[in-house]
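Residue numbers for the sequence shown follow the numbering used here, so the first one is 919 and each next one is one higher. The structure under discussion appears below in the form of structure tokens.
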Amino acid sequence: MKEFVDHCCEKCTHTKENPCKDFVLCCLEGPICHENESCAKKRKAIIDKVALNEHFVIC
């Protein structure tokens, strides 16, 4: 997983055909559709990477 839109694993339910209704929340706090520490760490790594941009703010 390199971007927020990528599946974190095979249990991820977000697709173009069936987008996650909680997509933004899932990107920031997820995964929402399943519990997995490894997937949460992957999401956190992307947040940390994006957070280097001065215009990125988590409310």
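Even glycine gets a Cβ: it sits at the ideal position worked out from N, Cα and C. Only a predicted model underlies this, so the values are computations on that prediction, with no experimental measurement involved.
**Report entry** Proximal residues to E955 (C-beta, below 7 Å), its chain only, five neighbours per side dropped
**Finding:** none
Requested in this report: Return helix, strand or coil for I950, following the three-state DSSP convention.
Outcome: coil
Query raised in the report: What number of angstroms, rounded off, separates the C-alpha of E935 from the C-alpha of C951?
Result: 16 Å
Query - Spatially closest choice to C927 from A969, K967, E947 and R961, by CA coordinates - result: R961
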